[in-house]
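Data first, discussion second: the structure below is written as structure tokens.
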């Protein structure tokens, strides 16, 4: 999940600071330091944060759900 979220942010062309600002705008503020830790796999994001991040990245929630199902079957990448 960490790698997926990092790639989504990069594809969206956003910095960690921009993600912090935009998550605040969607009503679920996530500090840039926390986004960094999520992307490094040091913090589990949880559903609320994943949803907020995917909203900011303009990605559908089912992409993360599909990844989680795959990780359950074969383990994390």
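Residue numbers (our numbering): 8 to 84.
Built from N, CA and C at the ideal position, the CB exists for glycine as well.
Option nearest residue i by Cα separation, candidates the options
{"i": "residue 9", "options": "72, 66 and 51", "result": "51"}
{"i": "residue 41", "options": "24, 34 and 32", "result": "24"}
{"i": "residue 22", "options": "43, 35, 11 and 36", "result": "43"}
{"i": "residue 31", "options": "65, 72, 19 and 59", "result": "59"}
Counted within 10 angstroms of its Cβ, other Cβ atoms place residue i as buried (16 or more) or exposed
{"i": "residue 70", "result": "exposed"}
{"i": "residue 14", "result": "exposed"}
{"i": "residue 17", "result": "exposed"}
{"i": "residue 55", "result": "exposed"}
Inset, instruction - Only counting runs of 4 or more residues, tell me where the alpha helix (DSSP H) segments fall wholly within the segment 16-64, in order along the chain. - result: 23-32, 39-46 and 53-64
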